[in-house]
Amino acid sequence: MIPDVAENTPRRASPDAPAQDDPSAATRGLKSRLRMLRDGYGLVSDILTPQRIGLVLAAIVLVASGSFGGLDEVNTKADAIPVAKAGQIITVKPFTISVTKLIHFKELGSIAPTKAGTTYYMAVMKVTNTSDAVVSAISLAPALKLAAPNVAPRANPLLYRAQDSIPARGYQPGVPVLTAVIWAAETSTPAPTEATLTLSNLTWYQYFSSNAAAWRVDVPAYTLTLPIEEKKAA
Amino acid sequence: MRFTRNGVITSLLVIAALFVGTVIADLLPSEESVLNAPYEHHASIGQPVELRTATITVLGLRSASRITALGNTATTEGIWALVDFTWKPSAQPVSPNQDAVHIKTVDGRKFGGSPPVTNACLPTQTGVTFACSFAFEMDPTALAGAKVVFPAAGSRTGADDVAVIDLGIDSATAQRLAASTEKVLLPPPTVKEP
Chain U
27 MIPDVAENTP RRASPDAPAQ DDPSAATRGL KSRLRMLRDG YGLVSDILTP QRIGLVLAAI
87 VLVASGSFGG LDEVNTKADA IPVAKAGQII TVKPFTISVT KLIHFKELGS IAPTKAGTTY
147 YMAVMKVTNT SDAVVSAISL APALKLAAPN VAPRANPLLY RAQDSIPARG YQPGVPVLTA
207 VIWAAETSTP APTEATLTLS NLTWYQYFSS NAAAWRVDVP AYTLTLPIEE KKAA
Chain L
26 MRFTRNGVIT SLLVIAALFV GTVIADLLPS EESVLNAPYE HHASIGQPVE LRTATITVLG
86 LRSASRITAL GNTATTEGIW ALVDFTWKPS AQPVSPNQDA VHIKTVDGRK FGGSPPVTNA
146 CLPTQTGVTF ACSFAFEMDP TALAGAKVVF PAAGSRTGAD DVAVIDLGID SATAQRLAAS
206 TEKVLLPPPT VKEP
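Residue numbers (this note's numbering), protein chains in the order written: chain U, 27 to 260; chain L, 26 to 219.
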């Protein structure tokens, strides 16, 4: 206020200075930033049209996803399981195994007693544990599967120490054990002349809810097709 | 946000301090790992070890190419290591759990678990000393420097007393043990004293 002007002098309104707490001040600042951006885009809008920007972004997304395998062919058929031969030393984690032969018989002493309607198939293999600690035969049994026409094994096979004819308990690290793997099955006619063995890897599985851990059957490692020898009755 | 030199230096120092702190925290044992670790008693052959459940003394180690117990014989392509020991339960008639006893070797491998032929160290009685033998099928190359581990109770994991007995096998002894062609009968447990 100018003190030396007469009171009835018409006064011009105060200049357009915004008050301290005027809410439109912030929006006015934002508007000018937007306007700056718009003005900046306006300089290149003839080259960088919205469609071209969209295309460039799409190309970046494709290249980025392709670098992580997003453009690879979808794998519609499962990887074939490697085929092994009799006598070949194969790695079936955590073992190395060499399957020698496959035998069919109706009875074998107390290990495989005679039962009506039951027949037995035995695979002879040398099993060596390559891990750091003992692995039980019970863990290995479900990893060994036998398949043949008209043959349906009843359950997991039983494993025996072939040279001692006693049940195999544990496979110690680095000690090869000649193992007889015996499946009991329903008698089938006609008896098959060959069978396919599938040996699967084992994986050490740690349970989340407790500290327990155990060997679990993982993916198949090898298959073998062997002729079935008939054991002559004693 | 304004970047000042002091601000940048402060942020870098904070990040460095967090990193160093995390490394130190990772290296220190956690309360759980300390509480759950087994309590090891180290001894050698002939020295009695007083565990929570019993006093055990390993008398010696012999080897065999085949072992027999309860009418069954087991051969091996490795070697059978027989640990002879005495076991005296202190408070209750417990017996050593053969599944949990194992031999650990310098290369970090563990040999143990139920053998295919066994003579369990049963039955036992409190205050009575029993002489028993456990057989372990082993890789002959792992004998040198091996130690036998006896847990106090049945379970092989968890925080409990564990006796770690050095079998005193040097490389010459290991070669002699590995070359054994003996056939050994696993003896049943016998009372040594009183």
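Glycine included, every Cβ here is placed at the ideal spot set by N, Cα and C.
Quantities reported herein were computed from a predicted structural model and do not represent experimental measurements.
Should residue i go down as buried or exposed, given a rule of 16 or more other Cβ atoms within 10 Å for buried?
i: L/D164; result: buried
i: L/S36; result: exposed
i: U/T154; result: buried
i: L/E162; result: buried
i: L/A188; result: buried
i: L/L86; result: buried
i: U/T35; result: exposed
i: U/A260; result: For U/A260, the predicted model reports a pLDDT of 48, less than 50, meaning its position is unreliable; a value from the coordinates is still stated below. The residue is exposed, with fewer than 16 neighbouring Cβ atoms inside 10 Å.
Relative to the ligand GDP, is the shortest distance from any of its heavy atoms to the C-beta of residue i smaller than 8 Å?
i: U/A169; result: Looking at this structure, you won't find the ligand GDP or any other ligand, since it has none at all.
Note down, in chain order, every chain L residue with its Cβ under 9 Å from the Cβ of residue i.
i: U/I192; result: N97, T98, A99, P141, V142
i: U/S162; result: G138, S139
i: U/Q232; result: What U/Q232 touches in chain L: nothing, since even the nearest Cβ is about 13 Å away.
Can you name the residues that DSSP bridges to residue i?
i: U/E33; result: None; U/E33 has no bridge partner.
i: U/M148; result: U/I129, U/I208
i: U/F234; result: DSSP lists no partner for U/F234.
i: L/E162; result: L/W105
i: L/G85; result: L/D109
i: U/Y248; result: U/L225
i: U/K111; result: Paired residues: none, contrary to the question.
Give a yes or no on whether the C-beta atoms belonging to residue i and residue j are separated by under 9 Å.
i: U/P175; j: U/W209; result: no
i: U/G196; j: L/P140; result: yes
i: L/T101; j: L/L211; result: no
i: U/A173; j: U/L223; result: yes
i: L/A145; j: L/Q117; result: no
i: L/D186; j: L/L76; result: yes
i: L/V131; j: L/F175; result: no
i: U/A211; j: U/P179; result: yes
i: L/L192; j: L/V119; result: no
i: L/A156; j: L/T98; result: no
i: U/L228; j: U/V207; result: no
i: L/A169; j: L/I190; result: no
i: U/M151; j: U/I123; result: yes
i: U/A159; j: U/P199; result: yes
Strictly below 9 Å CB to CB, what residues from chain U border residue i?
i: L/A167; result: P199, G200
i: L/R134; result: S157, D158, A159, Q198, P199, G200
So, helix, strand or coil for residue i, using DSSP?
i: L/Q72; result: coil
i: L/E218; result: strand
i: U/A75; result: Rather than Ala, the amino acid found at residue 75 of chain U in this sequence is Thr. Coil.
i: L/F44; result: helix
i: U/R187; result: strand
i: U/D105; result: coil
i: U/D158; result: coil
i: U/S91; result: helix
Closer than 7 Å by beta-carbon distance: list the chain L residues that pair up with residue i, in chain order.
i: U/Q189; result: T100
Along chain U, in chain order, which residues have C-beta atoms closer than 7 Å to that of residue i?
i: L/E162; result: Q198, V201
Mind pulling the chain U residues with CB within less than 8 Å of residue i?
i: L/H152; result: The residue asked about is misnamed: residue 152 of chain L is Gly in this sequence, not His. Those within 8 Å of L/G152 in chain U number zero; the least Cβ separation is about 32 Å.
So which residues on chain L does residue i lean against when the C-beta distance must stay under 8 Å?
i: U/R195; result: G138, S139, P140, P141
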